[in-house]
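So in UniProt numbering, spot 42 of the sequence shown is number 42, and the numbers just go up one at a time. Think of the CB as a built atom: it goes at the ideal place given N, C-alpha and C, for glycine as much as any other residue. All values reported here derive from a predicted model rather than from experimental measurement.
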Amino acid sequence: MAGERKAAYAKGRLFVLRLLDGWRRAAVPKHSAKAARQTTMNGVGGFSRWSGALGLCVTIATADFAAAEPRAVVELFTSQGCSSCPPADKIIGELARDPSVIALSLPIDYWDYLGWKDTLADSRFTARQKAYSQVRGDRDVFTPQVVVNGSAHLVGSNRAGIDSAIKTTDKTDGVMTVPVSVAVEGKEIKVSVAAAPQGETAKSGEVWICAVSKAIPIEIGRGENRGRHVTYHNVVRNLLKVGDWTGAAEHWTVPLENVVGDGVDAAAVYVQNGSREKPGAMLGAAFTSLN
């Protein structure tokens with residue numbers, strides 16, 4: 001159909017959201033390989049929306065960073081109401097065990113009308129997914145969808161494609177090159193971002209912290225996944241903007257009480273190029289447990 005792109009993967013159908021004309025379910029052929037090959041690249045952008053005030057302090061500083069920096073941030077847009085999502089949810093659980101990858105689940109809310117209201121969904125994640133699509137200039141908003149390092153997107157159940165996208169984006173100029181650290185000290189979370197590496201073109205971005213629940217088991221009572229027990233991994237429960245990074249080494253202090261709550265037991269911090277309305281390349285990230 002003119003003006004509309006659809007995607008599919010080998011194990012079944014997925015859902016496509018039409019950004020301009022509303023959303024709908026789209027049945028697609030089981031053996032289409034388009035989505036498995038899909039790794040659209042973008043190099044500009046920013047971030048989602050800020051919920052709540054941080055009450056933080058910021059100073060210019062140098063910091064000690066872990067020897068092994070993460071090489072990828074993998075975001076999964078998922079839904080309890082989508083029968084195609086559980087395989088992708090399982091993959092996020094596998095990636096969450098890899099210390100070189102920061103895997104995050106961002107449940108969306110646009111399938112809540114299908115008979116089951118997602119208990120973890122957040123409209124901000126839907127807005128973030130749409131923003132990625134708008135930056136790319138396409139209508140590819142669906143579940144399960146993975147965005148790798150803010151610059152490649154593909155079907156979330158395509159593990160080989162995800163691994164390939166991680167390798168491809170890891171070699172892209174500016175992606176995941178800025179050292180970031182996050183640590184809990186008493187009742188505070190210390191966030192540090194190093195200076196931009198010499199010769200790198202990306203020297204500014206937004207710094208965000210995600211309140212994360214490492215594992216949330218859900219028994220789904222209705223809808224397409226009725227009767228299924230699904231464990232969601234590294235579920236983002238809140239997004240808070242820490243500040244703006246301008247290329248120099250900086251340090252922020254975030255009150256722990258602004259992040260913890262409702263099963264939150266970890267935090268992810270990332271620096272992303274651009275503005276919150278235009279998500280772009282991930283410049284650096286870090287992850288820490290809170291207990």
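- Per DSSP, Thr126 is one residue of the alpha helix (DSSP H) stretching across 123 to 136.
- Here Asn291 is exposed. Its C-beta has fewer than 16 other C-beta atoms within 10 Å.
- When secondary structure is reduced to three states using DSSP, Tyr113 falls in the helix class.
- Listed in chain order, the non-local C-beta contacts of Thr246 below 6 Å within the same chain comprise Ser204, local neighbours out to five positions each way being set aside.
- In this structure, DSSP gives Asn258 a helical state, which the three-state scheme calls helix.
- In the DSSP secondary-structure assignment, Gly205 is bridged to Trp245.
- By the Cβ-count criterion, Tyr110 is buried, with 16 or more other Cβ atoms from all chains shown falling within 10 Å of its own Cβ.
- Taking the Cα positions, Val271 is about 11 Å away from Ala202.
- Here DSSP, grouped into helix, strand and coil, assigns Thr169 to helix.
- Measuring C-alpha to C-alpha distances from Lys190 to each of Val259, Val148, Lys278 identifies Val259 as the nearest.
- In this structure, the CA atom of Arg128 is about 13 Å from the CA atom of Ser105.
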